[in-house]
Every structure is written in C-alpha cells, then in structure tokens.
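Peer 1: Just so you know, the sequence shown maps onto residues 1 to 123 in full-length UniProt numbering. For glycine and all other residues, C-beta sits at the position ideal for the given N, C-alpha and C. Just so you know, these numbers come straight off a predicted model, no measurement behind them.
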Amino acid sequence: MTLLVTYSQDLVNMISEIELSIVSGTYNRLPYLQKMVESVRQSIGTGILYEIVLVDGGSDQDQTIEWCKQQPDIVLIEQGQLLGAIKAFNEGLYAARGRYCVVGNDDITYLDETLVTAVAFMQ
C-alpha cells in the first residue's frame, strides 16, 4: 500500500517550529471536518504554531480531499481505502511533526483555548 502525504508550502517552511500536531481521521465527512478544523483555528489563536494531520480513508462521495488540499494548515495523508480509526491515528502520529500531539475524531469541537491550555499543561 502506498500513502500520499500532501504538505502545503507554508507548512514545509515552518516544519521545525511546529509546537502542536492535531491528528484526526476522516471518511466522507466534510461538514464535520470543516467544523472541527474551524474549532482548532479558534482554539489555537495565533500564539502556537500547529499543523492538522488528517488521515483520509478514501473519501469519494464529497469534496473532502479537494478541500483539505486547499487548507494551508492541513497535512493530508491519503490512505486510499478505509482501514479504521486506530490505523488512521497511528499513521497520523507517525507523520506528525509537532513537539506535542493531540488525537481526536473529525467531529470533535475544541472549545476556546482548549488547545492552548493543553500545550501549557504538556510543557
């Protein structure tokens, strides 16, 4: 099996400085994913460099792949087929470049400053 990992150029430029990696898996759930990504952005603010490592299990019924490729803060791993949540999390953690990692489903909503508080605790 071959995995395709897509990094945006902005992310490549700051890869050594990433403080937090948020790892998630998804499969044909773009509306939930968009809400999760927006909640990450609001929770993080501007104080912490982060990446969202998203493992896609072969989405083919919505625009998940196309949308993810347009997001500068998403590292997209395309599995090509649905292999399950644990496999997705493991592949995401393997690709993560952050000093710290948070793992969650694609339908989670991070509340204001949740991720900032988590990073402060881990430090």
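1) Going by DSSP in three states, Thr26 sits in which element: helix, strand or coil?
2) Can you grab the Cα-Cα spacing for the pair Gln42 / Asp73, in whole Å?
3) Contact check, Ile77 vs Gly92 under 8 Å by CB: the rounded distance?
4) Rounded to the nearest angstrom, how far is the Cβ of Gly25 from that of Ala95, given a contact under 8 Å?
5) Buried or exposed, going by whether 16 or more other CB atoms sit within 10 Å of the CB of Glu51?
6) Would you kindly check if the distance between the Cβ of Glu19 and the Cβ of Leu104 is under 8 Å?
7) Please check the pair Tyr100 and Val119, which I expect to be a contact at CB under 8 Å, by giving their CB distance rounded to whole angstroms.
8) Would you please state the rounded distance, in angstroms, between the beta carbons of Val55 and Gln81? I believe it to be under 8 Å.
Peer 2: Here's the rundown:
1) strand
2) 13 Å
3) 7 Å
4) In fact, because the Cβ distance is near 12 Å, the residues do not count as touching under 8 Å.
5) buried
6) For the record, residue 104 in the displayed sequence is Gly; it is not Leu. Against a cut-off of 8 Å, the Cβ pair of Glu19 and Gly104 comes out as no contact.
7) 6 Å
8) With a Cβ gap of about 12 Å, Val55 and Gln81 do not count as contacting.
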